[in-house]
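Residue numbers (this note's numbering): 7 to 435.
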């Protein structure tokens, strides 16, 4: 691994970062994976002579429509609109909701930059809200305090390995008549009280970027059971076009409608074919991750300074985008960072930190591109005006494991366990 260690760090005997033998010397389960079924489906798309949904009907249903139907069914939703990315899924969701220009949207302070940049990009104002220190998801109490007369929506993120407190947020949205959007980019397959995430709010959005547990390299989707919203999102992602009903051979798969001004955010047939194949493996892979995570949860009880993220009340099916390990607050943030780099060296993979809080995130800089935004709103977009102490504390006090490390067998778990024990012992924890 290429991460640098602090120069004043005294080498700990035996750690790979200082010349010792690493715990892991063999490859981890490959991610993204390739299975025979997915390869067959993708090859069919490649040989079809139609790689874009905007091309002519060739006598076979679009792979993109097949995936949309399967993904909606998987969630128990009526509609799915595939897109080029999770960012574009968020974009069409907010455009379809028709919020007032300049309206405020509550956004968690600890998440990927797209949650805020997509909101700002459609003429809305992200209001950054701190997270619950236990669950890592948006704090209902902090959200309630952030509601103003200009607030029109809440964007929840089911973060890392937990679901947000849906009971509290459904009630908060009802009380203030707010639209509730679920960002499920890190929670494919999770459930709250038996309901799939993404189906509890007005709309659920997903990313299928390569690191996600369901991936096609780059892709996204929005799901809803509202036919009006689905129709608007369909137009917003296809330059105002919608699917042609029962097209004839050689006729366009999309027809012009133009109720709104859209843009081209359509998922390609090749990407859709990958997702169609990989969706069939999602449940089994999520279950395997849960099994390994349960073993890690039990193991962490043997290290006083390490603890897993507690399960959100109401989360009835947990998924793992990252397995998160809280390090005791008595351990300084710089030492936690040293431990993170040491963990990377022991395991032979990159174990990323949690996201930088959005009020101090290099990638969220609307003030650096003022020409992109309404001058009347620009001052309200400055992220530096928000206080996010719990988001910062979480960023500094967690180690994480990427989800594909949880897909292995018992020998793989043993290496995870041994690496964590080795580092804890080296630091006297």
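The beta carbon of each residue, even a glycine, is placed where N, CA and C say it ideally should be.
All values reported here derive from a predicted model rather than from experimental measurement.
- Residue 256 carries a coil assignment under DSSP once its states are collapsed to helix, strand and coil.
- In the three-state DSSP reduction, residue 286 falls in the helix class (H, G or I).
- Between residue 207 and residue 186, the C-beta gap is smaller than 8 Å, which places the two residues in contact.
- Inclusion of residue 371 and residue 390 in the CB contact set at 8 Å is not warranted, their separation being larger than that value.
- Rounded to whole angstroms, the gap between the alpha carbons of residue 378 and residue 127 is 8 Å.
- Taking the Cα of residue 176 as reference, the smallest distance to any Cα among 203, 122, 168 and 32 is reached at 203.
- Excluding residues up to 5 positions away in sequence, 247, 248 and 250 lie with their Cβ nearer than 7 Å to the Cβ of residue 261 in the same chain.
- Residues of the same chain with a CB within less than 8 Å of the CB of residue 65, apart from the 5 flanking positions on each side, are 255 in chain order.
- Per DSSP, residue 142 has no beta-bridge partner at all.
- Under DSSP, residue 228 forms a beta bridge with 87 and 211.
- Inter-residue distance for residue 161 and residue 125 is about 9 Å (C-alpha atoms, whole angstroms).
- Residue environment analysis places residue 234 among the exposed positions, since fewer than 16 neighbouring C-beta atoms fall within 10 angstroms of its C-beta.
- Distance from the CA atom of residue 163 to the CA atom of residue 56, rounded to whole angstroms, is 35 Å.
- Nearest C-alpha to residue 318 among 427, 32, 131 and 172: 172.
- When rounded, the separation of the alpha-carbon atoms in residue 419 and residue 178 is 40 Å.
- Annotation for residue 196: 164, 169, 190, 202, 203, 321, 323, 324 and 325 place their beta carbon closer than 8 Å to its own, counting only its chain and skipping 5 residues before and after.
- When rounded, the separation of the alpha-carbon atoms in residue 341 and residue 414 is 29 Å.
- Distance from the CA atom of residue 229 to the CA atom of residue 20, rounded to whole angstroms, is 50 Å.
- Going by DSSP, residue 186 is part of the beta strand (DSSP E) stretching over 185-189.
- By the neighbour-count criterion, in which a residue is buried when 16 or more other Cβ atoms sit within 10 angstroms of its Cβ, residue 428 is buried.
- The beta-carbon distance between residue 136 and residue 115, rounded to whole angstroms, is 5 Å. This is short enough to meet the 8 Å contact definition.
- In this structure, 129 is the residue among 121, 129 and 113 with its C-alpha nearest to the C-alpha of residue 104.
- Residues 429 of the same chain have their beta carbon placed closer than 6 Å to that of residue 345, with the five preceding and five following residues left out of the count.
- For the segment 39-112, the continuous alpha helix (DSSP H) assignments of 4+ residues that do not extend past its boundaries occur at 42-53, 69-81 and 92-103, in sequence order.
- The residue among 48, 338, 148 and 76 with its C-alpha nearest the C-alpha of residue 396 is 148.
- In this structure, the straight-line span from the alpha carbon of residue 151 to that of residue 400 is close to 21 Å.
- A Cβ-Cβ distance of about 7 Å is found for the pair residue 157 and residue 112, placing them in contact under the 8 Å criterion.
- Residue pairing by DSSP leaves residue 206 without any beta bridge partner.
- In this structure, residue 78 places its C-beta atom within 8 Å of the C-beta atom of residue 85.
- Cβ contact annotation for residue 303 (same chain, cutoff 7 Å, sequence separation greater than five): 314, in chain order.
- By the neighbour-count criterion, in which a residue is buried when 16 or more other Cβ atoms sit within 10 angstroms of its Cβ, residue 421 is buried.
- With 16 or more neighbouring CB atoms inside 10 Å of its own CB, residue 239 falls in the buried class.
- Within the same chain, and ignoring the five residues on either side of residue 209 in sequence, the residues whose Cβ sits closer than 6 Å to its Cβ are 99, 187, 228 and 230.
- Per the DSSP secondary-structure output, residue 313 pairs in a beta bridge with 332.
- Around the Cβ of residue 374, a 10 Å sphere holds fewer than 16 other Cβ atoms; the residue is exposed.
- For the 8 Å CB-CB criterion, residue 44 and residue 284 form a contact.
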